[in-house]
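*Asks:* Take a look at this one; I'll ask things after.
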Amino acid sequence: MSALPSSSPSAVDRESRAWKRRLLRAMVGKALAYFAERETMQIKMVRDHLLDIADGKLSLSQAQNVRSAAVMLDRRAEAFKRGYQEAMQATLDEEITAALPEADAPGYRRIASVDELDGMSLSLIDVSEVDRILLLDRVSQRFNTHYDASLLPLTQRIGALLGQEAQSVASNPFRPQVFVRAFMTAWEKGGFDDQATEDLINSLEPEHGIDLAPLYADLLATMAHAGVAAQAGHRIKKSVGGSSFAPLGEGEPPMSQRAALEPARAEQPRSAWGALAPAGRSIASHARQFLQRLGLGSQQGELTSSRMGLSDT
Numbered sequence: 524m525s526a527l528p529s530s531s532p533s534a535v536d537r538e539s540r541a542w543k544r545r546l547l548r549a550m551v552g553k554a555l556a557y558f559a560e561r562e563t564m565q566i567k568m569v570r571d572h573l574l575d576i577a578d579g580k581l582s583l584s585q586a587q588n589v590r591s592a593a594v595m596l597d598r599r600a601e602a603f604k605r606g607y608q609e610a611m612q613a614t615l616d617e618e619i620t621a622a623l624p625e626a627d628a629p630g631y632r633r634i635a636s637v638d639e640l641d642g643m644s645l646s647l648i649d650v651s652e653v654d655r656i657l658l659l660d661r662v663s664q665r666f667n668t669h670y671d672a673s674l675l676p677l678t679q680r681i682g683a684l685l686g687q688e689a690q691s692v693a694s695n696p697f698r699p700q701v702f703v704r705a706f707m708t709a710w711e712k713g714g715f716d717d718q719a720t721e722d723l724i725n726s727l728e729p730e731h732g733i734d735l736a737p738l739y740a741d742l743l744a745t746m747a748h749a750g751v752a753a754q755a756g757h758r759i760k761k762s763v764g765g766s767s768f769a770p771l772g773e774g775e776p777p778m779s780q781r782a783a784l785e786p787a788r789a790e791q792p793r794s795a796w797g798a799l800a801p802a803g804r805s806i807a808s809h810a811r812q813f814l815q816r817l818g819l820g821s822q823q824g825e826l827t828s829s830r831m832g833l834s835d836t
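Structure (structure tokens):
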């Protein structure tokens, strides 16, 4: 990183933010290139897996949906690739903007933080959107668990880059959920088969898709080369599928620490909003964006508490 100007704190801050943004954009380019080089293989792996599970223990409707998805991915592979590339670009751009918003840009409007949504009633959120958020989170947890060893060190460095004290996997712009969401968006916007969406996304498995570990290793190496050091003494908040917290280190916590964390892992939520709490910042982030699109008070997104089965508590 080049020496920063010393004329004023604001100039230093602007230069620092610009450097961080360039680094994150370079990492976005690497991620896009990684997926572009493997898109044909990825579609084939997903399609083959769909055909395998279609002959398994699925209900008749589920089997029909996954077979339909497999046929669509075969016949309209090129269209899906284009949609996936566009969705990936848009989703990563959105994540980078959220991670490092341009507060001085014209028309900038600060989006409410996740903490400011704590305790908010879900009565304003469309049921279908909640289902979509939960589906994405449920599927992404498989990937979080599978790539835990390579995902956490990257989350650690990104947190250090952004100055985050509580470093959450849900704040990592390159977490698996981002790629799963792009896949889902490409399918939805492409109009392939709306009825098959849930069963298609629910069928995604880390063992039946391209390996993300080399990508995470490359992104981690890029940050290390840029001089971003992992800061000791912070803690990483993990999503469901792992321990609640882990020390910032290049590996898992000692056995004694992991044993102490087990009770928290089994704790059950106590309220309607608490039922979404295991999804943590991931769910709240998407809910926040949805509420923003509705203007936080539009009648279109307004549902009664009785319909949602939720209260303000």
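My numbering puts the first residue of the sequence shown at 524, with every later residue one more than the last.
In this text, a Cβ means the ideal position worked out from N, Cα and C, and glycines have one as well.
For the putative contact between residue 612 and residue 684, defined by C-beta atoms under 8 Å, what is the C-beta separation to the nearest angstrom?
*Replies:* With 8 Å as the limit, residue 612 and residue 684 do not qualify as a contact, their Cβ atoms being about 21 Å apart.
*Asks:* What are the start and end residues of each continuous beta strand (DSSP E) run of 3 or more residues lying completely inside the region 647-702, in chain order?
*Replies:* Listed in chain order, they are 689-691.
*Asks:* Quick check on the DSSP output: the alpha helix (DSSP H) that includes residue 603 runs from which residue to which?
*Replies:* From DSSP, the alpha helix (DSSP H) with residue 603 extends over 600-622.
*Asks:* Please state the DSSP three-state secondary structure of residue 709.
*Replies:* In this structure, residue 709 counts as helix in the three-state DSSP scheme.
*Asks:* Put residue 533 into one of helix, strand or coil per three-state DSSP.
*Replies:* Residue state, collapsed to three classes: helix.
*Asks:* Assess, as a yes-or-no matter, whether the region 648-663 is touched by the region 591-604 under the definition of 3 or more beta carbon pairs within less than 8 Å.
*Replies:* At 8 Å Cβ cutoff, the stretches do not touch.
*Asks:* What do you get for residue 580, buried or exposed, if any count of 16 or more other CB atoms within 10 angstroms of its CB means buried?
*Replies:* The residue is exposed, with fewer than 16 neighbouring Cβ atoms inside 10 Å.
*Asks:* Do you know offhand how far residue 688's Cα is from residue 694's?
*Replies:* Spanning the two alpha carbons is a distance of roughly 12 Å.
*Asks:* Mapping the DSSP letters down to three states, classify residue 566 as helix, strand or coil.
*Replies:* Of the three classes helix, strand and coil, the one that applies to residue 566 here is helix, per DSSP.
*Asks:* Out of 672, 728, 659, 697, state which residue places its alpha-carbon closest to the alpha-carbon of residue 549.
*Replies:* Nearest C-alpha to residue 549: 697.
*Asks:* Helix, strand or coil for residue 578? Go by DSSP, reduced to three states.
*Replies:* Note: residue 578 maps to coil in three-state DSSP.
*Asks:* Where do the N-terminal and C-terminal ends of the alpha helix (DSSP H) with residue 737 fall, by residue?
*Replies:* Segment 736-748, the alpha helix (DSSP H) holding residue 737.
*Asks:* Look at the alpha carbon of residue 591 and the alpha carbon of residue 599, and state the distance between them as a whole number of angstroms.
*Replies:* Answer to the nearest angstrom: the Cα atoms are 12 Å apart.
*Asks:* Could you name the residues of the same chain whose beta carbon sits closer than 6 Å to that of residue 557, not counting the 5 residues immediately before and after it, in chain order?
*Replies:* For residue 557, where only same-chain residues beyond five positions count, the Cβ hits under 6 Å are 738.
*Asks:* Tell me the residue span of the alpha helix (DSSP H) that contains residue 864.
*Replies:* Nothing can be reported for residue 864: it is not among the residues displayed for the chain, which extend from 524 to 836.
*Asks:* Please return the same chain residues whose Cβ sits closer than 6 Å to the Cβ of residue 566, not counting the five positions on each side in sequence.
*Replies:* Excluding sequence neighbours, residue 566 sits near 596, 600.
*Asks:* Please go through the same chain and pick out, in chain order, the residues whose beta-carbon is closer than 6 Å to the beta-carbon of residue 607, but skip the five residues on each side of it.
*Replies:* Result list for residue 607: 709, in chain order.
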